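Colleague:
Protein chains: 4
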Amino acid sequence: MCTAISCLCQGHFFGRNLDLDRCYGESVTVMPRGFSFPYRLSQPQQGPYAMVGMAHVHAGCPLYYDAVNERGLCMAGLRFPQHGLGCAPQEEGKTPLAPYELIPYLLSRCANASQAVEALEGIRLEALPVSQDLPLVPLHWMVCDEERCLVIEPEGQGLVVLENPVGVLTNEPDLSCQLAHLDRYLSLEAAAPENRFAPTLPLRSRSLGTGAVGLPGDWSSESRFVRAAFTRWNAVPPEGDGGGLANAFHILCSVCQPRGCARTAEGLYEQTVYTCVCDTRRGVYYYTTYENAQLCAVDLHREDLNGAHLSSYPLLHRQQVHFQN
Amino acid sequence: MCTAISCLCQGHFFGRNLDLDRCYGESVTVMPRGFSFPYRLSQPQQGPYAMVGMAHVHAGCPLYYDAVNERGLCMAGLRFPQHGLGCAPQEEGKTPLAPYELIPYLLSRCANASQAVEALEGIRLEALPVSQDLPLVPLHWMVCDEERCLVIEPEGQGLVVLENPVGVLTNEPDLSCQLAHLDRYLSLEAAAPENRFAPTLPLRSRSLGTGAVGLPGDWSSESRFVRAAFTRWNAVPPEGDGGGLANAFHILCSVCQPRGCARTAEGLYEQTVYTCVCDTRRGVYYYTTYENAQLCAVDLHREDLNGAHLSSYPLLHRQQVHFQN
Amino acid sequence: MCTAISCLCQGHFFGRNLDLDRCYGESVTVMPRGFSFPYRLSQPQQGPYAMVGMAHVHAGCPLYYDAVNERGLCMAGLRFPQHGLGCAPQEEGKTPLAPYELIPYLLSRCANASQAVEALEGIRLEALPVSQDLPLVPLHWMVCDEERCLVIEPEGQGLVVLENPVGVLTNEPDLSCQLAHLDRYLSLEAAAPENRFAPTLPLRSRSLGTGAVGLPGDWSSESRFVRAAFTRWNAVPPEGDGGGLANAFHILCSVCQPRGCARTAEGLYEQTVYTCVCDTRRGVYYYTTYENAQLCAVDLHREDLNGAHLSSYPLLHRQQVHFQN
Amino acid sequence: MCTAISCLCQGHFFGRNLDLDRCYGESVTVMPRGFSFPYRLSQPQQGPYAMVGMAHVHAGCPLYYDAVNERGLCMAGLRFPQHGLGCAPQEEGKTPLAPYELIPYLLSRCANASQAVEALEGIRLEALPVSQDLPLVPLHWMVCDEERCLVIEPEGQGLVVLENPVGVLTNEPDLSCQLAHLDRYLSLEAAAPENRFAPTLPLRSRSLGTGAVGLPGDWSSESRFVRAAFTRWNAVPPEGDGGGLANAFHILCSVCQPRGCARTAEGLYEQTVYTCVCDTRRGVYYYTTYENAQLCAVDLHREDLNGAHLSSYPLLHRQQVHFQN
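Protein sequence lines, in the order shown, are assigned to chains A, B, C and D.
According to the numbering used here, the stretch in the first sequence is residues -5 to 319, in order.
According to the numbering used here, the stretch in the second sequence is residues -5 to 319, in order.
According to the numbering used here, the stretch in the third sequence is residues -5 to 319, in order.
According to the numbering used here, the stretch in the fourth sequence is residues -5 to 319, in order.
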């Protein structure tokens, strides 16, 4: 369904694959400091921080899938279908938010992950869909800056915040099971492996990569978690400028979902609709789509960050080929 | 090390990942009909067919890694390190070729795979390196047109030709073992799987992709064969023009080697130096590099096919970003 | 470390492998109704029910690893090393028990799993080791009768009771993660599989068993859970009397730990010290040891169940061979 | 289908699982030196060596599945269904044998594996079934003594002899593919593994056995080969007399096929009908059956080895329980 990563390697890069069987008309959308976000259950508010991210803009309201703010705090929501919504009953002093409001709420007012944790204590989720025709989908979120990577998960009637040392999030099951599952693979390695099976037998590695035999290769949520973790922690950026960015795209590419390899019961195909990587230090949002391999980008700092209006850049889905002759 | 595919799907596409721990200065090189290939052990010859492919041009001689000719016959050489070279002793009536001459020899004179099989009967390989400082590396080759996909493998003192129904080739072990190995995975599926484990237990698929659990995810040669075969046979091109091309790149992407995930004994990193896809009907050679995600292309038909000189287009390794703002 | 199963199949059979790197001098021990169990923190008590199980008898007190009572309620404790003990602070009205007292406490007074759940509500664990020289080891327990299979796990300062539809327990991680993990394998099957990988390719199953490719074969706790679950739900007893018993032993045998295949950091070998199966309807406790393949048995109903003294039968570790000539 | 092992460890032990969906009425059969084997295409002959093994005795002729002779040479035939029979056309000076005659032919006249290789050069197989109603099944064979382990496989119109350093044989594919496949697993280990995945992440092994994660657990022929090889080379006999024997049974037990886990297309169940282990130094043939866990045995040296008649001991299929009370 989705994979998110945070990677501190020649810069700090945060990215995700959005794996879905359809498009909802996404665009890279900049929300400047002066934009009044139309919260459903409280007054519209402006945050001190501008942000850029992928959103479906619905009736003037950006529904963010993932975004980074001008301070480098970033966040992505990922489907978490077999859990509840984490909505809590009314409580004195807690700001009620619809689930889709959580990303703009936190990114517009928090400068880092620790502030996000604090802010979370003051809110509660309410089960409000964006509109009648858009269902409420259970989500969990990865929130991070350069230093901390957190996961926010619904648990009973509320949300819990968990440290995520791995810097990867997919979907089901919950983070603690994913981490337990990951422990199974601790002996896999990128290096040319030794013969530990039977040192007196003439076994030989027939190709590089044998040290990671056992790494799962399917596109289930647990397998993507393990494979993304392996590439996240073993990938080495190519040298030169832009290495960290290319590296982050390659990590996500290792769990990219080819169209057709995961068929839904309705005969649709889940595919990586887009892959994005935020350069959180520079405030640049890069993405590719399933159809277009070229990196497209929107630079937060080329916008008027004090403005009051959203800027939206529709996804470029058409392959851009550079002919050399 | 490498993965090659042939895919008949909204066109015929042939492609490969070149996975190496270094670059040799490759360029996309067009060899027109009038070029006299400097064979080492026989007279220079011109073939009736022009070709385009990836080559290291050494002293005016193109050492092709993979190429397609104007008739759509395509061929790639892949490392086969634990086998012999397939060189044969002198024999009356057999044309002697150095291993690196096999691709230009066949593609310049054969219109299809069947003609290549015939031509192979008239040649024998001789253990000649390109130069003193370039070692002789054992190879096997995938040769195909739209209808047939063949693999040429050294066996003892000679070469054997095998049908390859899967349309995928990696490195070790030999094709017949790879095919035997692939049979293990025949029950994996792209569809949302049924509970066959224990129908009376409330097991549930926690995400799409569960039907392929068991698919290997590492980058060893056998695992890449299986995973590329699965995506090759299950991937569905995106709709619209360019779908077949994008599909072929996504198949290769599923076995792309992230830099760092396969470390050599010397501490170098094997990575997918380039990924190429030939549109064999149109004679266009597309590629991406590890550093540059955008598709670059060289169109055979924009060259003077009757010329006598090579045209070479160096690989563009620099990331080309399209800024939308 | 250990695997426990409950299997309703031509009778009800409950069993376990004890996987350890040493023996503590176990014996099959019958505790009759009249035995006063020397509880550490409360008065010695006699339960209404007699029981038979594997125990290390320490200073006259049976430390049960697993047991079945005369009503068919059975229970096994399994190591749960990365969790707490589940001990709770003092609380009015709760009977304090040492962890090792839980099995005799419940089996001596409960006729079925539901009564055990009730009884659990009245107790709390206290962190008391058997003696100074025996460490306190975190455990979780499987408790079951013919109808219900439950798992008791420490969670924070207390114990939780979970339904276990699978009827298998190993060690780490906790049951809910094990069940989530098991879902990954739902498409594996015992039947001769169809080619779902690529129906147009001539793939063929080279042997029976291919439908379960992907089933893990190592002896880690998670892999034993999955493999035991697969055999538990797919194994079919041999025909004739004794089929259910043989079946249960074969299920446990599929996750039996060969000595040497799991080496500890100290260079010791974890092995299946014994495998036991209780015929819960007949009150017979069967076992084999790593050294002796023959089933040995102790029949609860051949004892004086109203007695006041333990009867202990030391494990027979010597191979018993039946020579036919 | 079947697994055979040869293990030099506190003695030399040769054994096999016979995995079938039916029984043919096997018995442990001693063929003394004076028995005239009724060869179909040549004169009845007596060999210098007596042997004991598992056979179906058909019209006075023992059809051996596996056997050991008095010199410790042992041999087992295993199904090899997707290959030919290896039968050769008539040739001057070659003794024609039916496939089922190969085991008694070699064991009755060869003192060791090297003599068997020589003897093989003088024979050719002819496609003769035992009788009209018993089909000719393609087989390959493992032949070994303490020093050498060989595999005889049909290849085209003949048999090839291969060294088998692993000492394990299952069914399909051929030995060279099995050995290539085994190389994939060379980094698995019995020891408590280090964190090689990401040394800076707090990954931890949750149980012993994690070093072998990736070892296949299903019962396909390739998976049994790998798992049996791992246990063969890592298992450590229990201390004391009988350790080597118990060890060999445990290795075979790790690939024992539980009834029900491999269903045929006809709805039958392949199961390990019997497991045998020959103590080749002592000439004792031990076995267990799926229904009876106790070791039964026939000792070659308790027979009149100079006799002229077969002695047959029917398999004991009934569970032998030793009650301790």
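Glycine included, C-beta positions come from ideal geometry on N, C-alpha and C.
This structure is a prediction, so every number in the text was calculated from the model and none was measured.
Which ranges does the beta strand (DSSP E) cover as unbroken runs of at least 3 residues, wholly within the stretch 120 to 148 of chain B, from first to last along the chain?
Modeller: Taking only runs of at least 3 residues, the beta strand (DSSP E) segments lying wholly in the stretch 120 to 148 of chain B are 133 to 138 and 143 to 148.
Colleague: Have a look at residue 280 of chain B and residue 12 of chain B and give me their C-alpha separation to the nearest angstrom.
Modeller: Approximately 14 Å, taken between the alpha carbons.
Colleague: When you compare only the Cα positions, how much space is there between residue 66 of chain B and residue 47 of chain B?
Modeller: Taking the straight line from one Cα to the other gives about 12 Å.
Colleague: Along chain A, in chain order, which residues have C-beta atoms closer than 8 Å to that of residue 171 of chain C?
Modeller: Near residue 171 of chain C (Cβ distances below 8 Å), the residues of chain A are 167, 170, 171, 174 and 175.
Colleague: Provide the residue span of the alpha helix (DSSP H) that contains residue 191 of chain A, from first to last.
Modeller: Per DSSP, residue 191 of chain A belongs to no alpha helix (DSSP H) and is neither H nor E.
Colleague: Just checking: is the beta-carbon of residue 285 of chain D within a distance shorter than 9 Å of some beta-carbon in chain C?
Modeller: At least one chain C Cβ lies under 9 Å of residue 285 of chain D.
Colleague: Going by the CB atoms, is the gap between residue 203 of chain C and residue 264 of chain D shorter than 9 Å?
Modeller: Yes, these two residues count as a Cβ contact at 9 Å.
Colleague: If I measure Cβ to Cβ from residue 51 of chain D and keep anything under 7 Å in the same chain, skipping five residues before and after, which residues do I get?
Modeller: Contacts found: 21, 23, 304 and 306.
Colleague: Which class does residue 63 of chain D belong to by DSSP, given the choice of helix, strand or coil?
Modeller: Residue 63 of chain D falls in the strand class under three-state DSSP.
Colleague: Kindly say whether residue 199 of chain D, judged by its beta-carbon, lies nearer than 9 Å to any beta-carbon of chain A.
Modeller: Yes, residue 199 of chain D lies at the interface with chain A (some Cβ there is under 9 Å from its Cβ).
Colleague: Assign residue 216 of chain D to one of three DSSP states: helix, strand, or coil.
Modeller: If DSSP states are grouped into helix, strand and coil, residue 216 of chain D belongs with the helices.
Colleague: Can we say the stretch 26 to 42 of chain A touches the stretch 311 to 318 of chain A, given the rule of at least three CB pairs closer than 8 Å?
Modeller: Contact between the stretch 26 to 42 of chain A and the stretch 311 to 318 of chain A is absent, because fewer than three Cβ pairs lie under 8 Å.
Colleague: Compute the Euclidean distance between the alpha carbons of residue 76 of chain C and residue 152 of chain A, then round it to the nearest angstrom.
Modeller: Whole-angstrom Cα-Cα distance: 26 Å.
Colleague: Under the rule that 16 or more other beta-carbon atoms within 10 Å means buried, what is residue 134 of chain A, buried or exposed?
Modeller: Buried, by the Cβ-count rule.
Colleague: Please say whether residue 230 of chain C and residue 211 of chain D have beta carbons closer to each other than 9 Å?
Modeller: For residue 211 of chain D and residue 230 of chain C, no; Cβs fall outside 9 Å.
Colleague: Buried or exposed, going by whether 16 or more other CB atoms sit within 10 Å of the CB of residue 18 of chain C?
Modeller: Exposed, since its Cβ has fewer than 16 Cβ neighbours within 10 Å.
Colleague: Taking Cβ-Cβ distances shorter than 7 Å, what residues in chain C pair up with residue 181 of chain A?
Modeller: Result: empty, since nearest Cβ-Cβ is about 10 Å, beyond 7 Å.
Colleague: Under a Cβ-count criterion, where at least 16 other Cβ atoms within 10 Å of its own Cβ denotes burial, should residue 292 of chain C be classed as buried or exposed?
Modeller: Flag for residue 292 of chain C reads buried.
Colleague: Which residues of chain C have a Cβ atom closer than 7 Å to the Cβ of residue 205 of chain B, listed in chain order?
Modeller: Going along chain C in sequence order, the residues near residue 205 of chain B (Cβ under 7 Å) are 181.
Colleague: Short of 8 Å in beta carbon distance, which residues of its chain neighbour residue 110 of chain A, apart from the five on each side in sequence? Order them along the chain.
Modeller: The answer, listed in chain order, is 67, 69, 100, 104, 137 and 144.
Colleague: Please identify, using Cβ separations under 8 Å, the residues of the stretch 94 to 125 of chain C that lie next to chain B, in order along the chain.
Modeller: Answer set for the stretch 94 to 125 of chain C: empty.
Colleague: Expressed to the nearest angstrom, what Euclidean distance is found between the alpha-carbon atoms of residue 155 of chain C and residue 168 of chain A?
Modeller: Spanning the two alpha carbons is a distance of roughly 20 Å.
Colleague: For residue 161 of chain D, count the other beta carbons within 10 Å of its own beta carbon; 16 or more makes it buried, fewer makes it exposed. Which is it?
Modeller: Buried, because 16 or more other Cβ atoms sit within 10 Å of the Cβ of residue 161 of chain D.
Colleague: By how many angstroms is the C-alpha of residue 198 of chain A removed from the C-alpha of residue 174 of chain D?
Modeller: For residue 174 of chain D and residue 198 of chain A, the distance between alpha carbons rounds to 9 Å.
Colleague: Using a Cβ-Cβ cut-off of 8 Å (strictly less than) and excluding sequence neighbours within five positions of residue 38 of chain D, which residues of its own chain qualify?
Modeller: 30, 31 and 32, listed in sequence order.
Colleague: Report yes if the C-beta of residue 271 of chain B is less than 8 Å from at least one heavy atom of the ligand ADP; otherwise report no.
Modeller: Among the ligands in the structure shown, none appear at all, so the ligand ADP cannot be discussed.
Colleague: Which residue wins for smallest C-alpha separation from residue 276 of chain C, given the options C:43, C:62, C:16 and C:15?
Modeller: Closest option to residue 276 of chain C, Cα to Cα, is C:62.
Colleague: According to the neighbour-count rule (16 or more other Cβ atoms, all chains shown, within 10 Å of its Cβ), is residue 42 of chain B buried or exposed?
Modeller: With fewer than 16 other Cβ atoms within 10 Å, it is exposed.
Colleague: How would you write the range of the alpha helix (DSSP H) that residue 98 of chain C sits in, first residue to last?
Modeller: Residue 98 of chain C -> alpha helix (DSSP H) spans 96 to 103.
Colleague: Using 9 Å as the threshold, is the C-beta distance between residue 271 of chain A and residue 54 of chain A below it?
Modeller: Cβ distance not < 9 Å, so residue 271 of chain A and residue 54 of chain A don't count as in contact.
Colleague: Tell me which residue opens and which closes the alpha helix (DSSP H) that residue 111 of chain D is part of.
Modeller: Counting along the chain, the alpha helix (DSSP H) containing residue 111 of chain D begins and ends at 107 to 115.
Colleague: Which residue marks the beginning of the alpha helix (DSSP H) containing residue 240 of chain B, and which one marks its end?
Modeller: Start and end: 237 to 247.
Colleague: If you compare alpha carbons, which of A:58, A:60, A:92 and A:119 is closest to residue 324 of chain A?
Modeller: Given that chain A is displayed from residue -5 to residue 319, the structure contains no residue 324 of chain A and the question cannot be resolved.
Colleague: Could you confirm whether any beta carbon from chain D is found closer than 9 Å to the beta carbon of residue 218 of chain B?
Modeller: No - not a single Cβ of chain D is within 9 Å of the one on residue 218 of chain B.
Colleague: On the three-state DSSP scale, how would you describe residue 221 of chain B?
Modeller: Helix, per DSSP.
Colleague: State the DSSP-derived secondary structure class of residue 52 of chain C, mapped to helix, strand or coil.
Modeller: Strand at residue 52 of chain C.
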